[in-house]
Each structure stands twice: as structure tokens, then as C-alpha cells.
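S.K.: Numbering of the sequence shown is given in my numbering, commencing with residue -14 and proceeding in unit increments. Please read through the structure below; I'll follow up with questions.
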Amino acid sequence: MVETRGGRDGLGIAVVRLGRDLGEPVAQVLPERLATHELILVLEGAGSVEVDRTEHACGPGTVLLVRPGQVRRVATGAGGRPEWREAIAVRFAGSFPRSVSISLPDVADEAFGARRWNLTGRELETVGAGFACLAEEYARVGDDASGTSVELLRLTLTSVLLRLTRVRSEETGAGSLSPGYHAFRRELERSYATVHTTKAYADRLGFSPRALNEVCRAAAGHTAKELIDARIVLEAQRLLADTDLPVAAIGRRLGYDEATNFGKFFLRCTGTTPGEFRRRLAPR
């Protein structure tokens, strides 16, 4: 869809215009596991993007953020091109945006789940101008020995992320997700394959298990253990969908030395066995 290693000569960002009548065919009928963040702004037409088996409708004014490690599939029409008429996609490494003095937890740092914004009016106009600037400066990078275009790319991407953070804060309430919850999610993202208990995470973060559960319930409506199990299941589903690894090897990668124990865990959480889940993933 765009350059998968972060852009020209390891730049850390890649920008491309997409659409039925634009550019090359996407050729993304099969799912792709992203190595970078991806922001898509739909300008004209309607289509859909599937992220970790969840379909997101994307019409004019939709901004969709997909994160590294997520499995993303763009719905395509005739000729392998997206269903929408025009969109701008930006892929970037987490280290590419300019560092700022405030946290961007709901946009850049949150490890789980795609994010979607449906922008209108002034918000769409401003964010759309940012995407247009990214596309313009990316086209100039190869001819700009001064580095001005790269710096403008960093600043513009940072501005777009800040604006999306503000829109999300206005929708959900500023500060609704506590620093303790974000710390747990970051630690979970680092350790889900080897650490499976609430107590272990609580010890690492300086909480009691009860306090950690209260933090998780307040932020996500689930206990810490439920979120731990959900993260393991998500990774298992990604590996089952995106690789040919044997089920036993996937279980070992996720901390289960015995394939039967992994199978029982997956069945308890999903209602199906790993083998059955994989067999249901027929190309569509």
C-alpha cells in the first residue's frame, strides 16, 4: 500500500494518495501485519478497512489509525484498488514525529485497537490541510538537500496527531484514561507472551492486585486478567491469520509449553479451538 519500511531510504515516513482512479493497484486482498503506524484520511467515496478482524466503515472525513503489529486489510474493488475514490495514507515509525512536552497516549502510545475519527467542518478542513501538506512535502524530499522537507514532515505529522488527540479528548473526556492504566497497557504490550498473571503486573507497576483491577475496570470495564487474556488471544488470532506457524509453535511463542494447555485457553476465551479458528479464515 505504501513503502513498508517507513519511507524513502529509511526516512521513517511514507505518504501516498489512494483511490480507484489514483496510483497503482493496492493488491492487499490478503491481510497485512503492519510494521509501522498508519493514518488514513478518506477524502471522497466510501469503503472499509478491516483491522484485527473488525471492520471499520470509512467515508469522507474519516481518519483511521492502525498501529504496528495489527493485521490490516483494505477492502478493494475492481482492479485491486480501494473502494473509496480518494484518500491519503501516511505510514510512520513511532520515532518520527517531533517530541512534544505533553503526552499523546490516546493516539501514538496506546497499543491496542484501531482509532477512528469522523471529522466535519473546521476540524476536517484543518486536519485535511495537514494531510495535504504531508503529501506535498513527501514528494519534495528527494530534491531537498537542506532537510527542510523532512523537518516540515515531522512538524506537520506532530500537528496532525495533536489535533486528533484534542478531538478524541473532546469526545471521551480529557483524562478519562489514567496514567496507571496506560502504564499497565504498555507493560502488557511488552510482556504478554511471558507474563500471564495480575499479581505479576501489579508487582511490576507498584500496585496491589486489587488496585490494578480497579484501575482497569475504571478505564476499560474489565479486570486486569481479562485484559491480559484478551491480549494473548489477540496475538494468537493474528498469528493464526497471518502466518503458517503450527498451533503448537504459536502456543510456545505465547508462553504455553504444552499445546493442549494453549488449546484449552484459546477455547475458553473464544469458544473455538485454534485449528477451527484458522480453518474459518477462508479468503473473501
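Every residue, glycine too, gets a C-beta built ideally from N, C-alpha and C.
#1: Would you call the CB atoms of Asp227 and Pro82 closer than 9 Å?
#2: Between Phe77, Leu173 and Leu146, which has its C-alpha nearest His22's C-alpha?
#3: Taking the C-alpha atoms as reference points, what is the distance between Asn198 and Ala124?
#4: Tell me the rounded alpha-carbon separation between Arg202 and Thr179.
#5: Using CA coordinates, which residue listed in Pro259, Thr182 and Cys254 is at the minimum distance from Leu225?
#6: Within a Cβ cutoff of 6 Å, which residues of the same chain sit near Arg100, ignoring the five residues on either side of it in sequence?
#7: For Glu121, which of Leu146, Thr141 and His207 has the nearest alpha-carbon?
#8: For Arg2 versus Glu71, is the C-beta distance shorter than 9 Å?
#9: Assign Gly132 to one of two classes, buried (16 or more other C-beta atoms within 10 Å of its C-beta) or exposed (fewer than that).
#10: Which residues mark the beginning and the end of the alpha helix (DSSP H) in which Phe116 is found?
#11: Looking at the ligand HEM, does it come within less than 8 Å of Ala60, judged from the CB to the closest heavy atom?
#12: Spatial neighbours of Ala221 within its chain, please: C-beta separation below 7 Å, excluding the five flanking residues on both sides.
#13: Who are the near neighbours of Tyr166 in its chain, counting only those whose CB is closer than 8 Å to its CB and skipping five residues on each side?
#14: Which residues does DSSP list as the beta-bridge partners of His22?
#15: Inspect the beta-carbon positions of Glu149 and Val48 and report whether they are closer than 9 Å.
#16: Expressed to the nearest angstrom, what Euclidean distance is found between the alpha-carbon atoms of Glu136 and Thr255?
#17: In terms of alpha-carbon separation, which member of Pro45, Ala20, Ala185 and Asp129 lies closest to Gly32?
#18: What did DSSP end up calling Thr245 once you bin it into helix, strand or coil?
#19: Whole angstroms is fine: what's the gap from Phe247's alpha carbon to Val218's?
#20: Mind checking which residues open and close the beta strand (DSSP E) that includes Arg58?
#21: On the DSSP bridge assignment, give the partners of Ala(-1) in chain order.
#22: Please list, in chain order, all residues of the same chain as Ile(-2) whose beta carbon is under 6 Å from its beta carbon, the five residues on each side excluded.
#23: For the candidate residues Arg223, Glu211, Ala114 and Asp242, whose alpha-carbon lies nearest to that of Arg253?
#24: What residues are listed by DSSP as bridge partners for Asn198?
#25: Please list the terminal residues of the continuous beta strand (DSSP E) segment that includes His167.
M.R.: Reading from the atomic positions:
#1: By 1-based counting over the sequence shown, the position of residue 227 is 242. By 1-based counting over the sequence shown, the position of residue 82 is 97. No. Outside cutoff.
#2: By 1-based counting over the sequence shown, the position of residue 22 is 37. Checked all of Phe77, Leu173 and Leu146; the closest Cα to His22 is Phe77.
#3: Stepping through the sequence shown from its first residue, residue 198 is reached at position 213. Stepping through the sequence shown from its first residue, residue 124 is reached at position 139. About 48 Å.
#4: Residue 202 sits at position 217 when you count from the first residue of the sequence shown. Residue 179 sits at position 194 when you count from the first residue of the sequence shown. Roughly 23 Å separates the two Cα atoms.
#5: Sequence index remark: in the sequence shown, residue 225 carries index 240 (1-based). Nearest of Pro259, Thr182 and Cys254 to Leu225, Cα basis: Pro259.
#6: Position 115 of the sequence shown, counted from the start, is the residue given in the question as residue 100. Leu50.
#7: Sequence index remark: in the sequence shown, residue 121 carries index 136 (1-based). Of the listed residues, the one whose Cα sits closest to Glu121 is Thr141.
#8: Here residue 2 corresponds to residue number 17 of the sequence shown, with the count starting at 1. Here residue 71 corresponds to residue number 86 of the sequence shown, with the count starting at 1. Yes, the pair counts as a contact, with Cβ atoms nearer than the cut-off.
#9: Reading the sequence shown from its first residue, position 147 is the one you call residue 132. Looking at its Cβ environment, which holds fewer than 16 other Cβ atoms inside 10 Å, Gly132 is exposed.
#10: Start at 1 with the first residue of the sequence shown, and residue 116 comes out as number 131. Its alpha helix (DSSP H) spans residues Gly106 to Arg125.
#11: What this structure holds is no ligand at all, so the ligand HEM is not there to describe.
#12: The residue you call residue 221 lines up with position 236 of the sequence shown. Around Ala221: Ile235, Leu239, Phe251 and Pro259.
#13: Numbered from 1 along the sequence shown, position 181 holds the residue referred to as residue 166. Around Tyr166: Val200, Cys201, Ala203, Ala204 and Ala205.
#14: On the sequence shown, position 37 is the one that residue 22 refers to. Beta-bridge pairing links His22 to Phe77.
#15: Your numbering for residue 149 matches position 164 in the sequence shown. Your numbering for residue 48 matches position 63 in the sequence shown. Checking the sequence shown, residue 149 turns out to be Leu, not Glu. Contact: yes.
#16: On the sequence shown, residue 136 is found 151 positions in, with the first residue counted as 1. On the sequence shown, residue 255 is found 270 positions in, with the first residue counted as 1. One C-alpha to the other measures close to 46 Å.
#17: Here residue 32 refers to the residue found at position 47 when the sequence shown is read from its first residue. Comparing Cα-Cα distances from Gly32 to each of Pro45, Ala20, Ala185 and Asp129, the minimum goes to Pro45.
#18: Mapped onto the sequence shown, residue 245 falls at position 260. DSSP places Thr245 in helix when its eight states are reduced to three.
#19: Position 262 of the sequence shown, counted from the start, is the residue given in the question as residue 247. Position 233 of the sequence shown, counted from the start, is the residue given in the question as residue 218. Going from the Cα of Phe247 to the Cα of Val218 covers about 10 Å.
#20: Counted from its first residue, the sequence shown places residue 58 at position 73. Arg58 -> beta strand (DSSP E) spans Val56 to Val59.
#21: Taking the first residue of the sequence shown as 1, we reach residue -1 at position 14. According to DSSP, which records beta bridges pairwise, Ala(-1) is partnered with Arg76.
#22: Start at 1 with the first residue of the sequence shown, and residue -2 comes out as number 13. Excluding sequence neighbours, Ile(-2) sits near Gly(-8), Phe77, Phe81 and Leu138.
#23: As a position in the sequence shown, residue 253 is number 268, starting the count at 1. Per the Cα distances, Glu211.
#24: For the purposes of this step, residue 198 is taken as residue 213 along the sequence shown, with counting starting at 1. None, per the DSSP bridge assignment.
#25: To locate residue 167, count along the sequence shown from 1; it is residue 182. Here His167 belongs to no beta strand (DSSP E); instead the alpha helix (DSSP H) covers Pro164 to Ser176.
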